[in-house]
Amino acid sequence: MLATQTVSTMSFFFASLALLCWAAVALIGVGALVRRLADRPVPMLESLGSDVRRVALPLAWLIAAVTMLGSLYYSRIQHYIPCELCWYQRICIYPFAVILGIAAWRRDAGVRVYAVPVLAIGAVVAAYHTWVQAYPPADGTSFCTADAPCTLRYVWEFGFVSLPFMALSACCCMIVLLLIARPTPRSGPTVETP
Amino acid sequence: MSNQSSSKDPAQSRVAAAAGQNSSSSTRWVWIGIAAIVLVVGALAFVFTRSDGSGGGSATPDGGGTPGVTVVPAGKVEIGTISVTGTKLPEQSASGADPAVGQVIPTITGQTFDGSAMTIGPSGEPTIIMVVAHWCPHCQREVPFLESWLRTNGAPEGVRLVALATSNDSGKPNYPAGQWLLREKWTVPTMVDDRASDGAQALGVTGFPYFIVVDAQGRVIERTSGELTAAQWESLIAAAKSGTSQPAA
Numbered sequence: 102m103l104a105t106q107t108v109s110t111m112s113f114f115f116a117s118l119a120l121l122c123w124a125a126v127a128l129i130g131v132g133a134l135v136r137r138l139a140d141r142p143v144p145m146l147e148s149l150g151s152d153v154r155r156v157a158l159p160l161a162w163l164i165a166a167v168t169m170l171g172s173l174y175y176s177r178i179q180h181y182i183p184c185e186l187c188w189y190q191r192i193c194i195y196p197f198a199v200i201l202g203i204a205a206w207r208r209d210a211g212v213r214v215y216a217v218p219v220l221a222i223g224a225v226v227a228a229y230h231t232w233v234q235a236y237p238p239a240d241g242t243s244f245c246t247a248d249a250p251c252t253l254r255y256v257w258e259f260g261f262v263s264l265p266f267m268a269l270s271a272c273c274c275m276i277v278l279l280l281i282a283r284p285t286p287r288s289g290p291t292v293e294t295p
Numbered sequence: 067m068s069n070q071s072s073s074k075d076p077a078q079s080r081v082a083a084a085a086g087q088n089s090s091s092s093t094r095w096v097w098i099g100i101a102a103i104v105l106v107v108g109a110l111a112f113v114f115t116r117s118d119g120s121g122g123g124s125a126t127p128d129g130g131g132t133p134g135v136t137v138v139p140a141g142k143v144e145i146g147t148i149s150v151t152g153t154k155l156p157e158q159s160a161s162g163a164d165p166a167v168g169q170v171i172p173t174i175t176g177q178t179f180d181g182s183a184m185t186i187g188p189s190g191e192p193t194i195i196m197v198v199a200h201w202c203p204h205c206q207r208e209v210p211f212l213e214s215w216l217r218t219n220g221a222p223e224g225v226r227l228v229a230l231a232t233s234n235d236s237g238k239p240n241y242p243a244g245q246w247l248l249r250e251k252w253t254v255p256t257m258v259d260d261r262a263s264d265g266a267q268a269l270g271v272t273g274f275p276y277f278i279v280v281d282a283q284g285r286v287i288e289r290t291s292g293e294l295t296a297a298q299w300e301s302l303i304a305a306a307k308s309g310t311s312q313p314a315a
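In the order they appear, the protein sequences are chains A and B. Residue 295 is where the first sequence ends in this note's numbering, and the numbering goes up by one at each step. Residue 315 is where the second sequence ends in this note's numbering, and the numbering goes up by one at each step.
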């Protein structure tokens, strides 16, 4: 009973974080749109945008790390068996729990050149997997395999949030954050000399 | 060109340091905000999933049934105890003829959800065995579909229907199977498979839902898996009655 309640709590928590990822993506998108359409710079928006750009890289790393830990929680602690599509998504996300950490430490926003294409592949796989779980195919392949079916909804929060939906949310949010990330100047007194 | 800590111009250093501090302090509120939101979400998750004693995605049985209609007994058996005698059926390959056709199915002895004894095996009458898993979305759609068909058309005459609830796992959704089938007002006698799914393995099940059509002597006529249309389901009944596999209309 306790284990069931714990996994319910964790699933609610992770599902809520996934929705927050989409909220962040939407806010960044709206902010960018307003900035583009505005006649002159809006001081508050510029300040806010500047702050968000500075935290974007470490925040993307944080999302990658939480996504990896959440994934490991379900497979190693709850013993949910990852299906083939789950593994493809893991391949696309797990490395960034380390790579984005290093990039954030080095303030290397150029990591987006390498990270965004891989995360985009992960997002496409996650989107397909989300679709398959939401609408299991009703054609000739409309059955669940006995070992690790891709259609199995281990998590189904709020009537639509599944594990691949969480992965999709994380990928999209990381992509957007990496695209807006700007390197932060180090706080130390470093001066460029000719 | 070199990058170095400058001690040449103390004023410039102070300006750079101040800029760094401003940058750090201006982003601090962003981090505090993110941490606050995550904490609130964590608290909400705890409150919402503990207060009602159930998870957001878990199902709650209605515990009832239509008066006058025999539904599968609720009972407490979530994982069954079964024994298998006879030769297990081979698994069906993705293509080619089913190697189990013509083979006599093994006899599986176990119990239904209320603990009463039940047997799946050669029974002296044509039988369709349905194998379902509580967590499989296809089974979750197929069970009410078949139940609706049975209520509309009645039980097929001369054909015995039995089911095996297998792959029972408390860590997977829609557990336990008995509560799920009770909610669906399932009328087909159903055996509960054991933890190792020995019953399903004895029938060579490779996917869910799974259907095995056998004749009166217990010989396999046809096996198929997946969600069935009404025509496909009726073709299985026709196969059971005729003793040969029938194409769906």
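Where a beta carbon is used, it is the ideal one built from N, C-alpha and C, also for glycine. In this text, all values refer to a predicted model and were calculated from it rather than measured experimentally.
At least one CB of chain B closer than 9 Å to the CB of residue i: is that the case?
| i | result |
| --- | --- |
| residue 245 of chain A | yes |
| residue 168 of chain A | no |
| residue 142 of chain A | no |
| residue 209 of chain A | no |
| residue 230 of chain A | no |
| residue 206 of chain A | no |
| residue 237 of chain A | yes |
| residue 174 of chain A | no |
| residue 270 of chain A | no |
| residue 190 of chain A | no |
| residue 186 of chain A | no |
| residue 121 of chain A | yes |
Show which residues of chain A have a CB atom less than 7 Å away from the CB atom of residue i.
| i | result |
| --- | --- |
| residue 115 of chain B | 106, 109, 110 and 113 |
| residue 199 of chain B | 245 |
Classify residue i: buried if its beta carbon has 16 or more other beta carbons within 10 angstroms, exposed otherwise.
| i | result |
| --- | --- |
| residue 245 of chain B | buried |
| residue 283 of chain B | exposed |
| residue 236 of chain A | exposed |
| residue 240 of chain B | buried |
| residue 210 of chain B | exposed |
| residue 257 of chain A | buried |
| residue 199 of chain A | exposed |
| residue 291 of chain B | buried |
| residue 156 of chain B | exposed |
| residue 177 of chain A | exposed |
| residue 201 of chain B | buried |
| residue 260 of chain A | exposed |
Assuming residue i and residue j make a contact with CB atoms under 8 Å, what is their CB distance in whole Å?
| i | j | result |
| --- | --- | --- |
| residue 196 of chain B | residue 255 of chain B | Their Cβ separation, rounded to whole angstroms, is 10 Å, which puts residue 196 of chain B and residue 255 of chain B out of contact at 8 Å. |
| residue 194 of chain B | residue 302 of chain B | 6 Å |
| residue 289 of chain B | residue 199 of chain B | So it is not a contact: roughly 16 Å between Cβ atoms. |
Note down, in chain order, every chain B residue with its Cβ under 9 Å from the Cβ of residue i.
| i | result |
| --- | --- |
| residue 156 of chain A | 93, 96, 97 and 100 |
| residue 162 of chain A | Those within 9 Å of residue 162 of chain A in chain B number zero; the least Cβ separation is about 13 Å. |
| residue 181 of chain A | 237 and 238 |
| residue 279 of chain A | Here the premise fails: no neighbours, minimum Cβ distance about 17 Å. |
Could you name the residues of chain B that residue i contacts, counting a contact when the two beta carbons are closer than 7 Å?
| i | result |
| --- | --- |
| residue 296 of chain A | With chain A covering only 102 through 295, there is no way to say anything about residue 296 of chain A. |
| residue 254 of chain A | 203 and 239 |
So with CB distances below 8 Å, who are the chain B contacts of residue i?
| i | result |
| --- | --- |
| residue 264 of chain A | Correct list: empty, because the minimum Cβ distance to chain B is about 11 Å. |
| residue 153 of chain A | 96 |
For a contact meaning CB atoms closer than 9 Å, what does residue i contact in chain A?
| i | result |
| --- | --- |
| residue 110 of chain B | 113, 114 and 117 |
Under 9 Å, Cβ to Cβ, is there at least one residue of chain A near residue i?
| i | result |
| --- | --- |
| residue 104 of chain B | yes |
| residue 203 of chain B | yes |
| residue 179 of chain B | no |
| residue 239 of chain B | yes |
| residue 256 of chain B | no |
| residue 273 of chain B | yes |
| residue 207 of chain B | yes |
Residue ranges of each alpha helix (DSSP H) run of no fewer than 4 residues wholly in the region 245-280 of chain B, ordered along the chain? 264-268
Secondary structure, alpha helix (DSSP H): runs of 4+ residues fully inside the region 116-197 of chain A: Segments of the alpha helix (DSSP H) lying fully in the region 116-197 of chain A: 144-173 and 185-194.
Quick one: complete beta strand (DSSP E) runs, 3+ long, within the region 151-210 of chain B? Secondary structure in the region 151-210 of chain B: the beta strand (DSSP E) runs of 3 residues or longer, each lying completely within the stretch, are 173-177, 183-186 and 193-199 in chain order.
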